[in-house]
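Visitor: One structure is given below, represented as structure tokens, and several questions about it will come after.
Residue numbers (this note's numbering): 246 to 781.
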């Protein structure tokens, strides 16, 4: 697990221990998948507070297994073993604790987060307590004599004297334990780093050309056209939106020509000539004040068609649509079927894809000039110049009556790819969608059908068939869409998307640039209701 997660659970467990919520502390410590010796020691302390000696002993066993040189772990386990009458093992732990003291009179565990000092005489005291329980009073007295000769504080003198009197009376000594609530704590600096900090702060407007601009944040990026834009205002009383009573024709420099009933934004005050500066559709100009009247800009939720035009195109929606929870279903009502299983390439794929392993043919200035000259001569002799968008762009001149299959062979030879693996697409006049060449389905059709003024533009991609999938129709992307998850389909504005199915009312499953995924339907529009009709 991550160290930050361990640190968070460790800190919450310590807070519960401070509040004497032993059960809550154990619940937090059990969530640590990779416990350390210190968190296991804390769990043993919580079990001791609850009187669960067996569980405390088990936690101390894990503690020593994690850190075999933790003297305080052996010291604490020896005290627990004495309480459950495992005296031989308790004496062994006292010996190991004394060994791991490494000749030091005291070990201060504060650097490790434990507010406790372990003295050498305390280990000897617990060894004497073990001998008392074994009935070996002389051994207990000798060990206490050795403890009295050890240097160190922690109330050694008074404790040893009282213990010597108890041994002489043959009274069993109580072992010394780490006090209740004294546990290993994480570093304060590490805990402070768990809190998220805002190093940048909130944006603040220092200067703005828009009056009464209270901008204090960032909105999603959206397309804008150059010009002047009015600030966003709500309500009819504070609004500076005006409506033109009647049509107005510009009669001087700087004036606007607007139809009657048009909405404008009042940008400046009335001047001496009775004209006011307004903004309409991103343009600033002058209009007579006498033709303006206040407009009611209150709109109800869900009626986006009544919004006042601001000159700024609105994003696809105020908030993204709800993501579908069900799995993607490829089934959809039967609509229009393509005659080929290969989807048409998008414009971005055709013109901006990375170069393949086989580099395009190199062109020189002489070759380019020869190509242009050949194109001009071909146009005069009944030929057509075909420009092909692939990973790169190539051009060739062919006769007007060249069949599609021969054209594909020449393009394949030019690109160095097998003709069987190429798919050709073209755009009809005034359309942004890429549609397959009809000649790939109906033999005998020629390049003259897609040529205009002696030129033809085609888009080509290698075959990428969709197994057992049907393309129902196509849509054109209105905006760029960045994938929010591995199941999303990413595309750019103007790309052609093959629709494979409908997930719900707001999400569609599509194919673009060799990828399949889902996307919000509001990011694209359907240009043709029936694509198959465009092929006829």
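Virtual Cβ for every residue (Gly too), placed ideally from N, Cα, C.
With a threshold of 8 Å on Cβ separation, who are the neighbours of residue 701 within its own chain once the five nearest residues in sequence on each side are excluded?
Guide: Shown here for residue 701: same chain residues with a beta carbon closer than 8 Å to its own, the five before and five after excluded, namely 629, 630, 631, 632, 671, 692 and 695 in chain order.
Visitor: Excluding the five sequence neighbours on either side, which residues of its own chain have a C-beta within less than 7 Å of the C-beta of residue 217, listed in chain order?
Guide: Residue numbering for the chain in the displayed model covers 246 to 781; residue 217 lies beyond these limits and cannot be assessed.
Visitor: Beta-carbon of residue 737 versus every beta-carbon of chain C: anything under 7 Å?
Guide: Considering every chain present, this structure includes no chain C. It has just one protein chain.
Visitor: Short check: CB of residue 316 to CB of residue 346, under 7 Å?
Guide: yes
Visitor: Let me confirm a value: residue 308 is counted as buried when at least 16 other C-beta atoms fall within 10 Å, else exposed. Which label applies?
Guide: buried
Visitor: Can you tell me whether DSSP reads residue 771 as helix, strand or coil?
Guide: coil
Visitor: Quick check: the segment 333-344 against the segment 356-375, are there 3 or more CB pairs under 8 Å?
Guide: yes
Visitor: Cβ atoms of residue 428 and residue 290: under 7 Å apart, would you say?
Guide: yes
Visitor: Going by DSSP in three states, residue 486 sits in which element: helix, strand or coil?
Guide: In this structure, DSSP gives residue 486 an extended state, which the three-state scheme calls strand.
Visitor: For residue 547, count neighbouring C-beta atoms within 10 Å of its own C-beta (all shown protein chains included) and say buried if the count is 16 or more, exposed if not.
Guide: Caution applies to residue 547, whose pLDDT of 45 falls short of 50 and renders its modelled position unreliable; the value that the coordinates give is listed next. By the neighbour-count rule (16 or more Cβ atoms within 10 Å), residue 547 is not buried but exposed.
Visitor: Using DSSP bridges, identify the partner residues of residue 308.
Guide: Answer is none; residue 308 lacks a bridge partner.
Visitor: Do you know offhand how far residue 592's Cα is from residue 540's?
Guide: The predicted position of residue 592 is uncertain, since its pLDDT is 37 and thus under 50; a value taken from the coordinates is nonetheless stated next. Straight-line Cα distance between these residues: approximately 43 Å.
Visitor: In three-state terms, what does DSSP make of residue 439?
Guide: coil
Visitor: Do residue 769 and residue 723 have their beta-carbon atoms positioned less than 7 Å apart in this structure?
Guide: yes
Visitor: When we look at the beta-carbon of residue 326 and count the other beta-carbons within 10 Å, is it buried (16 or more) or exposed?
Guide: buried
Visitor: Is the beta carbon of residue 297 closer than 7 Å to that of residue 439?
Guide: Their beta carbons are not under 7 Å apart, which means residue 439 does not touch residue 297 by this criterion.
Visitor: Would you call residue 445 buried or exposed, if buried means 16 or more other Cβ atoms sit within 10 Å of its Cβ?
Guide: exposed
Visitor: Kindly confirm or deny that the segment 382-390 and the segment 409-424 touch, where touching means at least three C-beta pairs closer than 8 Å.
Guide: yes
Visitor: For residue 249, which three-state DSSP category applies?
Guide: Reduced to three states, the DSSP call for residue 249 is helix.
Visitor: Identify which residue in 505, 526, 516 and 530 has its Cα closest to the Cα of residue 536.
Guide: 505
Visitor: Kindly indicate which residue of 311, 305, 310 and 538 has the alpha-carbon position closest to the one of residue 320.
Guide: Checked all of 311, 305, 310 and 538; the closest Cα to residue 320 is 305.
Visitor: Just tell me which of 364, 443, 426 and 382 has its CA closest to the CA of residue 404.
Guide: 364
Visitor: Quick one: give me the first and last residue of the alpha helix (DSSP H) that residue 292 is part of.
Guide: Boundaries of the alpha helix (DSSP H) around residue 292: 282-294.
Visitor: Return yes when the Cβ of residue 332 is within less than 7 Å of the Cβ of residue 379, no when it is not.
Guide: yes
Visitor: Quick one: Cα of residue 515 to Cα of residue 680, how far?
Guide: 55 Å
Visitor: What number of angstroms, rounded off, separates the C-alpha of residue 728 from the C-alpha of residue 748?
Guide: Annotation: residue 728 to residue 748 spans about 16 Å, alpha carbon to alpha carbon.
Visitor: In the DSSP assignment, what are the bridge partners of residue 531?
Guide: 500 and 522
Visitor: Work out the CA separation of residue 251 and residue 277 for me, nearest whole Å.
Guide: 6 Å
Visitor: Please classify residue 340: does DSSP put it in a helix, a strand, or coil?
Guide: helix
Visitor: Between the alpha carbons of residue 330 and residue 299, how many angstroms are there, rounded?
Guide: Counting only the Cα atoms, residue 299 lies some 12 Å from residue 330.
Visitor: In angstroms with no decimal places, state the Cα-to-Cα distance between residue 742 and residue 496.
Guide: Going from the Cα of residue 742 to the Cα of residue 496 covers about 48 Å.
Visitor: For residue 355, which option in 430, 392, 366 and 420 has the closest C-alpha, if you only look at C-alpha atoms?
Guide: 430
Visitor: With H, G and I counted as helix, E and B as strand and the rest as coil, what does DSSP make of residue 665?
Guide: Helix, per DSSP.
Visitor: Based on Cα-Cα distance, which residue from 334, 360, 366 and 361 lies nearest to residue 348?
Guide: 366
Visitor: Starting from the Cα of residue 635, find the closest Cα among 652, 266 and 704 and give me that residue.
Guide: 704
Visitor: Taking DSSP as the reference, what is the three-state secondary structure of residue 507?
Guide: Look at residue 507 here: in three-state DSSP terms it is coil, with no helix or strand label.
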